[in-house]
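S.K.: Mind having a look at this structure? Questions to follow.
There are 2 protein chains.
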Amino acid sequence: MAAVKLSKEIARVFVNSFDTVLFDCDGVLWAGSKVLHRAVETVNYLKDSGKQIFYVTNNSTKTRAQYLEKLTKLGFNADEKEIATSGYLVASYLESINFQQTVYLIGSKGFAEELQNHGIKHTQIGPDTMATDMPSYVNGQIGLESEIGAVVIGFDEHLSYPKILKAANYLANPNCLFLASNADETFPMEIPLVVPGTGVMVKAVETASQRTAKVFGKPSVAMFEAIAKQCKINPQRTLMIGDRCNTDISFGKNCQLTTLLVLSGVTSLKHLEQYKHKEEHILVPDFYTDVLGDILDFLEQ
Amino acid sequence: MAAVKLSKEIARVFVNSFDTVLFDCDGVLWAGSKVLHRAVETVNYLKDSGKQIFYVTNNSTKTRAQYLEKLTKLGFNADEKEIATSGYLVASYLESINFQQTVYLIGSKGFAEELQNHGIKHTQIGPDTMATDMPSYVNGQIGLESEIGAVVIGFDEHLSYPKILKAANYLANPNCLFLASNADETFPMEIPLVVPGTGVMVKAVETASQRTAKVFGKPSVAMFEAIAKQCKINPQRTLMIGDRCNTDISFGKNCQLTTLLVLSGVTSLKHLEQYKHKEEHILVPDFYTDVLGDILDFLEQ
């Protein structure tokens with residue numbers, strides 16, 4: 001099964017076949033601070049054409065409100081209820097099960113705010129460093145709290161040995177929940193630098209605790225289920241657009257959606273060839289194109 | 001295949017069948033600071049009987065010299081050349097390939113000293129924390145060094161996000177070596193506390209770099225190969241004694257040695273029953289007994 005290259009010949013049929021379009025953000029709408037070719041016009045055009053629009057991101061470092069602010073500032077005609085972040089999903093889930101204890105949070109300010117928005121108590125974020133050596137540390141006051149009912153992991157640039165140790169000890173209690181915003185190994189970057197992502201934090205705590213986190217971000221179907229709870233969506237008439245095969249495209253496939261890969265982010269045409277070769281069908285999109293704005297370009301040609 | 005319980009009836013035949021005995025240390029000879037029942041007498045007896053003795057430990061936080069000091073102080077009749085630590089193996093390996101660049105070290109003072117003992121240059125150890133947030137950090141001066149030819153991982157209580165990021169970026173160069181002292185998930189403890197081990201650090205960097213470390217500690221055969229290089233060893237007449245099935249016993253099996261599990265450390269009789277049930281033969285020892293000193297007790301009965 002090979003991916004079909006989007007072209008002006010099929011663009012109109014392609015667009016007409018969907019009622020709902022899900023957009024990944026980073027690498028699809030923008031790269032870092034730079035909006036990609038005609039991304040704003042394309043999304044707004046699809047919305048104006050009457051399609052349901054959703055922004056689905058694994059990024060847990062910003063709240064939905066912060067995402068809305070960014071989208072609006074860049075010119076996207078967006079609404080907060082169209083935005084699903086992995087942090088929002090985790091917070092909604094905890095609210096939905098009436099979670100009353102405290103979350104041990106390995107995460108950022110934005111994730112902490114999202115938890116607070118849903119009335120979920122959490123431990124303090126920020127640096128937690130080792131002032132001594134391990135033997136002295138474990139024989140001293142580690143400062144484990146008694147009220148912890150869940151370990152929650154999002155991106156945290158202050159990940160440290162004490163945080164991993166504390167998380168593993170809370171998780172020694174089998175009743176303690178273990179949730180993660182996403183499992184992305186790295187961040188997509190404009191500069192040639194490897195920037196470790198939340199997946200690194202998840203793997204570290206999973207290894208120490210010998211438990212497996214429930215991951216809410218793509219490719220987990222949790223994100224689609226949360227959207228589908230809000231409004232009627234027919235997967236057969238839904239398109240998922242992303243730049244990363246092992247999250248976005250897998251997510252689309254897991255949810256029985258049609259998938260479009262844009263080559264403006266993480267996954268390159270070279271990667272795509274490798275996936276086809278290895279017959280990793282879950283990673284091969286139905287369609288691909290260079291950049292999101294191609295859709296509008298093709299429709300106008 | 002079930003493990004045979006050691007008994008006075010078979011003790012003499014058992015002991016006579018070996019020329020060489022390999023001992024794991026923590027959980028076999030001592031638990032924390034406490035020497036286990038007749039451990040010193042048993043090891044010294046076996047050595048006095050003419051058997052070759054080796055102490056094989058995955059611990060990279062102490063040099064061989066420091067291990068010798070500890071063993072001697074506790075009464076073991078030991079010699080430095082009988083001691084193989086995972087840190088020593090990594091350092092010897094780098095020396096053997098005439099490694100001339102600098103090691104990026106995620107590790108402890110003892111590991112650093114072991115590298116120095118073999119003439120290997122390495123980066124500074126100790127805290128490397130995040131003074132800002134990730135976006136500012138990656139846009140600023142990360143301080144990557146140009147001379148790095150290997151990333152080496154041992155236990156490091158100062159593991160942090162900047163260290164993982166730096167390691168992943170050095171490893172983006174396919175010529176950069178990636179070595180680890182061991183992959184133990186946790187430390188064996190006397191107190192009921194989960195203490196994350198080197199395996200957590202290895203997994204974090206493996207996830208960020210999408211590369212796999214060459215691991216020198218047990219269950220890798222590297223430790224046996226290093227010993228076998230020093231002196232003649234017949235695997236068929238060699239016994240490996242350990243307290244941990246997924247390192248010590250697997251190691252023995254990987255090296256075609258006879259294996260004895262002592263129940264004075266990590267693996268309990270309950271674990272052993274589970275391994276048998278799951279048919280995880282690599283984890284099932286040939287023999288087991290409560291504690292190392294049983295050997296001497298049985299011989300004297």
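Top line first, the protein sequences correspond to chains F and Z.
The first sequence begins at 1 in the UniProt record's numbering and counts up one residue at a time.
The second sequence begins at 1 in the UniProt record's numbering and counts up one residue at a time.
Built from N, CA and C at the ideal position, the CB exists for glycine as well.
1) Per DSSP, what kind of secondary structure is residue 302(F) in: helix, strand or coil?
2) Indicate the three-state DSSP secondary structure (helix, strand or coil) for residue 242(Z) in the structure shown.
3) In this structure, does DSSP put residue 199(F) in helix, strand or coil?
4) Buried or exposed, going by whether 16 or more other CB atoms sit within 10 Å of the CB of residue 192(Z)?
5) So which of 11(Z), 182(Z), 167(Z) has the shortest CA-CA distance to residue 223(Z)?
6) Could you name the residues of chain F that residue 158(Z) contacts, counting a contact when the two beta carbons are closer than 7 Å?
7) Can residue 219(F) and residue 250(F) be called in contact, C-beta distance under 8 Å?
8) Give me, in chain order, the residues of the same chain whose beta-carbon lies closer than 6 Å to that of residue 301(F); leave out the 5 immediate sequence neighbours on both sides.
9) So for residue 116(F), helix, strand or coil by DSSP?
10) What are the complete beta strand (DSSP E) segments, minimum 3 residues, inside the region 19-82 of chain F?
11) Considering just the uninterrupted stretch of the beta strand (DSSP E) at residue 150(F), what are its terminal residues?
12) Interface residues of chain Z around residue 137(F) at Cβ under 8 Å?
13) Using a 10 Å radius around the Cβ and a threshold of 16 neighbouring Cβ atoms, would you call residue 12(F) buried or exposed?
14) Is the beta carbon of residue 68(F) closer than 8 Å to that of residue 80(F)?
15) Is it a yes or a no for the region 151-159 of chain F touching the region 202-217 of chain F, going by three-plus beta-carbon pairs under 8 Å?
16) From what residue to what residue does the alpha helix (DSSP H) around residue 15(Z) run?
17) According to a CB-to-CB cut-off of less than 9 Å, which residues of the region 202-218 of chain Z neighbour chain F?
18) Which residues, in chain order, does the region 167-187 of chain Z contribute to contact with chain F at a C-beta distance below 7 Å?
19) Between residue 239(F) and residue 90(Z), what straight-line distance do the alpha-carbon atoms span, to the nearest angstrom?
20) Pull the bridge partners of residue 177(Z) from the DSSP assignment, please.
21) Along chain F, which residues have their Cβ under 7 Å away from the Cβ of residue 133(Z)?
22) For residue 123(Z), which residues in the same chain have their Cβ closer than 8 Å to its Cβ, ignoring the five residues on either side in sequence?
23) With a threshold of 8 Å between beta-carbons, can residue 165(Z) be considered close to chain F, or not?
24) Please check if any C-beta of chain Z sits within less than 8 Å of the C-beta of residue 193(F).
25) Would residue 20(Z) and residue 51(Z) qualify as a contact pair, given that the criterion is a beta-carbon distance under 8 Å?
26) Considering only C-alpha positions, which residue in the set 97(F), 61(F), 3(F), 17(F) is nearest to residue 236(F)?
27) Mapping DSSP to helix, strand and coil, what is residue 158(Z)?
28) Measuring straight from C-alpha to C-alpha, what distance separates residue 273(F) and residue 2(F)?
29) Counting only Cβ-Cβ distances shorter than 7 Å, please list the residues of the region 101-127 of chain F near chain Z, keeping chain order.
30) Starting from residue 104(Z), follow its DSSP beta bridges and name the residues at the other end.
31) Could you tell me the alpha carbon to alpha carbon distance between residue 135(Z) and residue 202(F), rounded to whole angstroms?
32) Tell me which residues share the same chain as residue 126(F) and place their Cβ nearer than 7 Å to its Cβ, disregarding the 5 neighbours each side in the sequence.
33) Compute the Euclidean distance between the alpha carbons of residue 284(Z) and residue 57(Z), then round it to the nearest angstrom.
34) What's the gap between the Cα of residue 292(Z) and the Cα of residue 140(Z)?
35) For the region 256-267 of chain F, which residues have a beta carbon sitting closer than 7 Å to at least one beta carbon of chain Z?
36) Could you have a look at residue 287(Z) and say whether DSSP puts it in helix, strand or coil?
M.R.: This is what the structure gives:
1) The requested residue 302(F) is not part of the displayed model; chain F covers only 1 to 301.
2) Residue state, collapsed to three classes: strand.
3) Correct three-state label for residue 199(F): helix.
4) Looking at its Cβ environment, which holds fewer than 16 other Cβ atoms inside 10 Å, residue 192(Z) is exposed.
5) That would be 182(Z), whose Cα lies nearest to the Cα of residue 223(Z).
6) Per Cβ cutoff of 7 Å: 130, 161.
7) Annotated as proximal: residue 219(F) and residue 250(F), with beta-carbon spacing under 8 Å.
8) Around residue 301(F): 8.
9) It is helical.
10) Given a length threshold of 3 residues, each whole run of the beta strand (DSSP E) inside the region 19-82 of chain F is given here in chain order: 20-23, 52-57.
11) Residues 148-153.
12) Within 8 Å Cβ-Cβ: 157.
13) Residue 12(F) should be labelled exposed.
14) In this structure, residue 80(F) sits near residue 68(F), with a CB-CB distance shorter than 8 Å.
15) Under the Cβ criterion (8 Å, minimum of three pairs), the region 151-159 of chain F counts as touching the region 202-217 of chain F.
16) Residue 15(Z) -> alpha helix (DSSP H) spans 8-16.
17) Against chain F - using a Cβ distance shorter than 9 Å - the residues of the region 202-218 of chain Z are 202, 203, 204, 205, 206, 207, 208, 209, 210.
18) So the list reads 168, 169, 172, 185, 186, given in the order they occur along the chain.
19) Between the alpha carbons of residue 239(F) and residue 90(Z) lies a gap of roughly 51 Å.
20) Per DSSP, the beta-bridge partners of residue 177(Z) are 150(Z).
21) Result: 157.
22) Around residue 123(Z): 102, 103, 104, 105, 145, 148.
23) It does: the Cβ of residue 165(Z) has a partner Cβ on chain F nearer than 8 Å.
24) By this cut-off, residue 193(F) is an interface position.
25) Contact: yes.
26) Selected option, being the one with the closest Cα: 17(F).
27) In the structure shown, residue 158(Z) sits in coil (DSSP, three-state: anything other than H, G, I, E or B).
28) Distance from the CA of residue 273(F) to the CA of residue 2(F), rounded to the nearest whole angstrom, comes to 9 Å.
29) Going along the region 101-127 of chain F in chain order, one finds 127 with a Cβ nearer than 7 Å to chain Z.
30) Its beta-bridge partners are 151(Z).
31) If I take the Cα positions, the gap works out to 20 Å.
32) Exclusion of the five residues before and after residue 126(F) leaves 158 as the residues of its chain whose Cβ lies within less than 7 Å of its Cβ.
33) Their Cα atoms are separated by approximately 20 Å.
34) Straight through space, the alpha carbons of residue 140(Z) and residue 292(Z) are spaced by roughly 55 Å.
35) Under the 7 Å Cβ criterion, the region 256-267 of chain F contributes no residue.
36) Assigned with DSSP and collapsed to three states, residue 287(Z) falls in strand.
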